[in-house]
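Undergrad: Sharing a structure here in structure tokens format.
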Amino acid sequence: MTLVLYHRTSIREAREIVQKGFEDLDWDFGLQDSKTGEDTTVPGVWLSNRPLGRKDGIEGDALLTVSLETDEAELTPYELEGMLWDTRLWVVPSELVNARGTARITEVDPRSSWFHRAIDDEHESPTDTDDDSSHPA
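This is the structure in structure tokens:
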């Protein structure tokens, strides 16, 4: 079975992931060890069942779609339940994702290009005032 999952990141990181594969990172989701109360990080690759973006608190101008040859039961140990109320979130070892998955860049925020920044800057520049002296009669 193929699961389609998503991962948002920077454009540079997305290109590197497509070329070389994912690497495990330590993710801090504000979790604490239930016995010690100490902050806990979760190593792996975060994946979600829907595209996440800025409105969800996730930064990154590139969206990767990850086709993973597995079933949901195999991912159960990696799921972080209740992190987002309308989204399922997993932190999966990169070894599993790279061996059984394929990542491709499916979305890039066009505002991240120099062309769109120039246009945005142009639109943000001061406009003519309504002062009658600046308009010929």
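Heads up: the sequence shown at position 128 corresponds to 617 in the numbering used here, and the numbers run straight through without jumps.
Where a beta carbon is used, it is the ideal one built from N, C-alpha and C, also for glycine.
Can the beta-carbon of residue 556 be found less than 8 Å from the beta-carbon of residue 511?
TA: No, these two residues do not count as a Cβ contact at 8 Å.
Undergrad: Let's see if you can read the secondary structure: which residues bound the alpha helix (DSSP H) around residue 561?
TA: Unbroken alpha helix (DSSP H) run through residue 561: 561-564.
Undergrad: List the DSSP bridge partners of residue 532.
TA: 515, per the DSSP bridge assignment.
Undergrad: Return the first residue and the last residue of the alpha helix (DSSP H) that residue 584 is part of.
TA: Here the alpha helix (DSSP H) through residue 584 covers 583-589.
Undergrad: From this set, 593, 580, 591, 595, which residue's C-alpha is nearest residue 513's C-alpha?
TA: Out of 593, 580, 591, 595, 580 has the C-alpha closest to the C-alpha of residue 513.
Undergrad: Quick one: is residue 590 buried, meaning 16 or more other Cβ sit within 10 Å of its Cβ, or exposed?
TA: Buried is the call here.
Undergrad: Sort 598, 553, 587, 558 by Cα distance to residue 491 and report the nearest one.
TA: Out of 598, 553, 587, 558, 558 has the C-alpha closest to the C-alpha of residue 491.
Undergrad: Should residue 537 be labelled buried (16 or more other beta-carbon atoms within 10 Å of its own) or exposed?
TA: Per the 10 Å Cβ criterion, buried.
Undergrad: In the DSSP assignment, the beta strand (DSSP E) including residue 497 goes from what residue to what residue?
TA: 491-498 is the extent of the beta strand (DSSP E) around residue 497.
Undergrad: Cutting at 8 Å between CB atoms, please list the residues of its own chain near residue 619, excluding the five before and the five after it.
TA: Per-residue confidence for residue 619 stands at a pLDDT of 46, beneath the threshold of 50, marking its modelled position as unreliable; the derived number appears in the next sentence. So no residue of the chain qualifies.
Undergrad: Expressed to the nearest angstrom, what Euclidean distance is found between the alpha-carbon atoms of residue 585 and residue 601?
TA: Computed Cα separation, rounded: 31 Å.
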